[in-house]
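Chemist:
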Amino acid sequence: MENDLVNSSKNEVCYILNERVWFYPEIHKLIYDNNGEKQVLSLNIPASRCLMLLIDSRYNVVSRDEFIEQVWRSFGRFVALNTYYQNISILRKSLRSSGLDKDAILTVPRRGLALNKKISIEKSKSSDVNDLIRKYLCGDDSTELDNFPLTENQEVNDKINEGVKAETSQVSPKLSFSDRVVKKIRYYANRKVSLANIIFLFVLIVCVACITFFLR
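full-length UniProt numbering puts the first residue of the sequence shown at 1, with every later residue one more than the last.
#1: Just to confirm, are LEU106 and LEU100 a CB contact at a threshold of 8 angstroms?
#2: Expressed to the nearest angstrom, what Euclidean distance is found between the alpha-carbon atoms of THR83 and ARG64?
#3: Beta strand (DSSP E) containing TYR32: first to last residue?
#4: Relative to the alpha-carbon of LEU43, which residue among ASN35, TRP72 and ILE88 has its alpha-carbon at the smallest distance?
#5: Taking the straight line between their C-alpha atoms, what separation do you get for SER126 and PRO25?
#6: Using DSSP with H/G/I as helix, E/B as strand and the rest coil, what is VAL208?
#7: Where does VAL71 sit, in a helix, a strand or coil, going by DSSP?
#8: Could you pull the DSSP bridge partners for ALA114 from this structure?
#9: If MET91 sits next to ALA47, beta carbons under 8 angstroms apart, how far is it from one beta carbon to the other, in whole angstroms?
#10: Any idea what DSSP makes of VAL203, helix, strand or coil?
#11: Taking TYR32 as the reference, give the member of LEU95, VAL61 and PHE78 with the closest Cα.
#12: Only counting the same chain, and skipping five residues up and downstream in sequence, which positions put a Cβ closer than 7 angstroms to that of residue 241?
#13: Have a look at the DSSP bridge pairing and note the partners of LYS123.
#14: Evaluate SER98 with the Cβ neighbour count: other Cβ atoms within 10 Å of its Cβ, from every protein chain shown; 16 or more gives buried, anything less gives exposed.
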């Protein structure tokens with residue numbers, strides 16, 4: 001894990017939030033200082049993509065549909081709304097655990113989410129990341145990053161995931177037959193499947209539904 005962070009700091013882009021939390025989107029990790037000890041929080045991939053989308057939007061509102069499109073559908077995945085809310089909750093808890101304000105992500109009613117303007121964002125790459133880590137975490141410009149002590153805060157990771165699981169454990173609403181058909185058609189349409197295959201799939205689903213109905 002330490003080698004991953006060292007290699008990331010040498011080769012990948014890093015975003016510094018409020019000059020104290022380092023976000024590495026390529027390896028989906030947050031690094032921060034906890035009472036003099038350097039801690040690492042691992043984000044799951046969707047939560048990491050959500051944070052990256054908020055950073056790219058530079059304080060502008062990101063709608064729920066845009067999150068779902070950019071984080072899941074563009075990668076060929078269709079998810080329930082419950083999954084979206086779960087990952088936003090994970091992201092909020094992770095940012096709060098890393099020392100950022102609880103309102104780092106703002107909810108804009110009927111519009112979506114936005115990064116709080118109080119959260120400063122600085123983009124760094126290559127050697128700039130090493131210098132910033134030394135300046136803000138090590139406190140010694142002569143400190144070598146290879147000797148920079150890092151620990152995976154697994155306990156915090158577990159608490160975040162357990163808390164979110166408890167909050168979102170309710171059963172997602174059951175989709176109607178027509179909704180399931182539309183969902184399947186959209187899925188294959190996004191995958192550039194031919195119209196003939198979509199029609200075939202629709203007819204097949206209708207046939208299966210009819211057979212199931214008459215066998216009850």
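Every residue, glycine too, gets a C-beta built ideally from N, C-alpha and C. Quick caveat, the model's predicted, so the values are computed rather than measured.
Modeler: In this structure, then:
#1: Along the sequence shown, one-based indexing puts residue 106 at 106. Along the sequence shown, one-based indexing puts residue 100 at 100. Taking 8 angstroms as the Cβ cut-off, LEU106 and LEU100 do not qualify as a contacting pair.
#2: What you label residue 83 is simply residue 83 of the sequence shown in a count that begins at 1. What you label residue 64 is simply residue 64 of the sequence shown in a count that begins at 1. When rounded, the distance between both Cα atoms is 12 angstroms.
#3: As a position in the sequence shown, residue 32 is number 32, starting the count at 1. Element bounds for TYR32: 29-34.
#4: As a first step, residue 43 must be located in the sequence shown, where it is residue number 43. That would be ILE88, whose Cα lies nearest to the Cα of LEU43.
#5: If you number the sequence shown from 1, residue 126 lands on position 126. If you number the sequence shown from 1, residue 25 lands on position 25. With a pLDDT of 49 at SER126, under the threshold of 50, the modelled position of that residue is not reliable, and no figure is offered here.
#6: Start at 1 with the first residue of the sequence shown, and residue 208 comes out as number 208. Of the three classes helix, strand and coil, the one that applies to VAL208 here is helix, per DSSP.
#7: On the sequence shown, residue 71 is found 71 positions in, with the first residue counted as 1. Helix, per DSSP.
#8: One-based indexing of the sequence shown puts residue 114 at position 114. Bridge partners of ALA114: LEU106.
#9: The sequence position of residue 91 within the sequence shown is 91, counting from 1. The sequence position of residue 47 within the sequence shown is 47, counting from 1. According to the sequence provided, residue 91 is Leu. The question's Met does not apply to it. Indeed, because the Cβ distance is near 4 angstroms, the residues count as touching under 8 angstroms.
#10: Taking the sequence shown and counting its residues from 1, the one referred to as residue 203 is at position 203. If DSSP states are grouped into helix, strand and coil, VAL203 belongs with the helices.
#11: Translated into positions along the sequence shown, residue 32 becomes position 32. The candidate whose alpha carbon is nearest that of TYR32 is LEU95.
#12: What is shown of the chain runs 1 to 216, which leaves residue 241 out entirely.
#13: Numbered from its first residue, the sequence shown carries residue 123 at position 123. LYS123 is bridged to TYR15.
#14: Your numbering for residue 98 matches position 98 in the sequence shown. Buried is the call here.
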